[in-house]
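Mapping to my numbering: the first sequence position 6 is 452, numbers consecutive. Written below as structure tokens is the structure these notes are about.
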Amino acid sequence: MIRQQLAWFDPARIGHSGQCFRFAPLPEGGGWGLTARGRRLCIRPDGDGFLFDCTPEEWETVWYPYFDLDTDYEAFAAAVNPRDAYMTAAVACAAGVRILRQDPWETTVAFILSQQSNIPRITRNLEAVCRAYGAPFADREGNIWYDIPTPAALAAASEEELRALGLGYRAPYLRAAAARIAAGQPDLASLAAMPYKKAHAALLTLPGVGVKVADCVCLFGLHKLDAFPIDTHIRQMLDAHYKRGFPMRRYKGFAGVLQQYAFYYELYGGKT
DNA sequence: CAGGTC
DNA sequence: ACTGG
Numbered sequence: 447m448i449r450q451q452l453a454w455f456d457p458a459r460i461g462h463s464g465q466c467f468r469f470a471p472l473p474e475g476g477g478w479g480l481t482a483r484g485r486r487l488c489i490r491p492d493g494d495g496f497l498f499d500c501t502p503e504e505w506e507t508v509w510y511p512y513f514d515l516d517t518d519y520e521a522f523a524a525a526v527n528p529r530d531a532y533m534t535a536a537v538a539c540a541a542g543v544r545i546l547r548q549d550p551w552e553t554t555v556a557f558i559l560s561q562q563s564n565i566p567r568i569t570r571n572l573e574a575v576c577r578a579y580g581a582p583f584a585d586r587e588g589n590i591w592y593d594i595p596t597p598a599a600l601a602a603a604s605e606e607e608l609r610a611l612g613l614g615y616r617a618p619y620l621r622a623a624a625a626r627i628a629a630g631q632p633d634l635a636s637l638a639a640m641p642y643k644k645a646h647a648a649l650l651t652l653p654g655v656g657v658k659v660a661d662c663v664c665l666f667g668l669h670k671l672d673a674f675p676i677d678t679h680i681r682q683m684l685d686a687h688y689k690r691g692f693p694m695r696r697y698k699g700f701a702g703v704l705q706q707y708a709f710y711y712e713l714y715g716g717k718t
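This is the structure in structure tokens:
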């Protein structure tokens with residue numbers, strides 16, 4: 447167990463920001479639980495800081511990078527044009543949200559499942575896929591959790607099995623994309639080193655991955671902060687507040703972070 | 001109608 | 001076009 451005081455870190459907001467679907471309130475309340483990188487982590491508020499149930503070594507090598515704590519999000523917030531009332535409000539509403547450094551394969555699976563769905567259903571579907579095809583592992587208390595299935599494990603599943611989990615028409619997309627990744631076409635590990643546009647183009651070749659899902663994988667799985675996914679909510683937001691276009695040049699290099707803040711604001715607007 | 005894709 | 005909040 448370790449204690450940390452962290453700037454711009456709000457687990458409650460990160461948990462339902464829609465970038466990660468395996469980050470949920472603890473059943474007993476008062477904290478958050480997360481399954482990622484083949485591990486389980488619990489986060490509990492402790493005065494002006496947080497308690498993390500991991501070793502200092504795990505914090506250093508796994509969770510500190512996962513939460514992207516080397517990046518200065520306050521600087522991104524400070525760069526917002528003060529005359530932009532909409533984005534100023536969005537950033538205030540989403541203060542404490544960071545872009546997690548999630549696994550690219552996990553985000554590929556999650557966002558293939560995300561199309562024409564909603565956060566509660568995506569969460570359920572992803573959990574069902576992990577339970578059915580993912581490797582079980584135990585936390586230090588002996589509780590069993592399930593990792594994201596390997597591409598090979600998902601490619602071996604039948605469309606009927608996947609539909610039985612409630613994935614609907616996304617089942618064949620997921621299966622076919624898994625087969626492609628298992629064959630190394632494309633090699634997800636190598637995408638991280640590519641510039642955003644090249645990585646985006648490679649992801650677009652996957653079945654069930656269009657412009658929007660590819661942008662989500664770039665932003666949340668490859669940490670390309672230039673990626674700016676445009677979904678139905680962001681489309682409405684752009685039409686309502688940026689009729690002359692979103693100022694991408696001004697926010698070059700981190701526009702995706704502001705996209706996430708606008709998305710959060712559209713969903714929860716002032717309620718958190 | 002839902003964080004779209006083919 | 002699956003399915004459910």
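We treat Cβ as the ideally placed atom computed from N, Cα and C, and that holds for glycine. Keep in mind it's a predicted model, so treat the numbers as computed, not measured.
For residue i and residue j, what's the separation of their Cα atoms in angstroms?
{"i": "THR718", "j": "ALA629", "result": "Low confidence applies here, because THR718 scores a pLDDT of 44, under 50, leaving its location unreliable; read the following figure in that light. For THR718 and ALA629, the distance between alpha carbons rounds to 43 angstroms."}
{"i": "THR554", "j": "PRO632", "result": "12 angstroms"}
{"i": "GLY580", "j": "VAL657", "result": "27 angstroms"}
{"i": "PHE674", "j": "PHE666", "result": "11 angstroms"}
{"i": "GLY699", "j": "TYR642", "result": "10 angstroms"}
{"i": "GLU605", "j": "ASP514", "result": "36 angstroms"}
{"i": "TRP454", "j": "THR678", "result": "27 angstroms"}
{"i": "CYS576", "j": "PRO550", "result": "15 angstroms"}
{"i": "GLN451", "j": "GLY495", "result": "4 angstroms"}
{"i": "ALA648", "j": "GLY493", "result": "45 angstroms"}
{"i": "LEU613", "j": "ALA660", "result": "19 angstroms"}
{"i": "ARG695", "j": "ASN589", "result": "48 angstroms"}
{"i": "GLU520", "j": "ASP456", "result": "13 angstroms"}
{"i": "ILE565", "j": "PRO528", "result": "31 angstroms"}
{"i": "SER560", "j": "ALA574", "result": "14 angstroms"}
{"i": "PRO491", "j": "ARG609", "result": "39 angstroms"}
{"i": "ALA638", "j": "ARG586", "result": "32 angstroms"}
If residue i and residue j are in contact, beta carbons under 8 angstroms, what's the gap, nearest whole angstrom?
{"i": "GLY481", "j": "TRP591", "result": "The sequence given here places Thr at residue 481; Gly does not occur at that position. Yes, THR481 and TRP591 are in contact; Cβ-Cβ is about 5 angstroms, under 8 angstroms."}
{"i": "THR596", "j": "PHE467", "result": "That pair is no contact at about 18 angstroms."}
{"i": "PRO473", "j": "GLY461", "result": "Actually they do not touch by this definition, with Cβ atoms about 14 angstroms apart."}
{"i": "ALA645", "j": "CYS662", "result": "Their Cβ separation, rounded to whole angstroms, is 12 angstroms, which puts ALA645 and CYS662 out of contact at 8 angstroms."}
Kindly indicate the opening and closing residues of the alpha helix (DSSP H) around residue i.
{"i": "TRP551", "result": "550–559"}
{"i": "LEU620", "result": "616–628"}
{"i": "ILE460", "result": "457–461"}
The beta strand (DSSP E) spanning residue i covers which residue range?
{"i": "PRO693", "result": "First-last for PRO693: undefined, no H or E at that position."}
{"i": "PHE498", "result": "495–498"}
{"i": "LEU472", "result": "It is not in any beta strand (DSSP E) - LEU472 carries neither H nor E in the DSSP assignment."}
Which runs of the beta strand (DSSP E) at least 3 residues long sit entirely within the region 620–678? Give them in chain order.
none
Decide if the region 705–716 is in contact with the region 518–538; the criterion is three or more beta carbon pairs, one per stretch, under 8 angstroms apart.
yes
Counting beta carbon pairs with one atom in the region 518–536 and one in the region 692–706, are three or more of them shorter than 8 angstroms?
yes
Cβ pair count under 8 angstroms reaching 3, the region 612–625 against the region 496–512:
no
Mind pulling the alpha helix (DSSP H) runs of 4 or more residues that sit fully within the region 501–580?
519–524, 531–539, 550–559, 565–579
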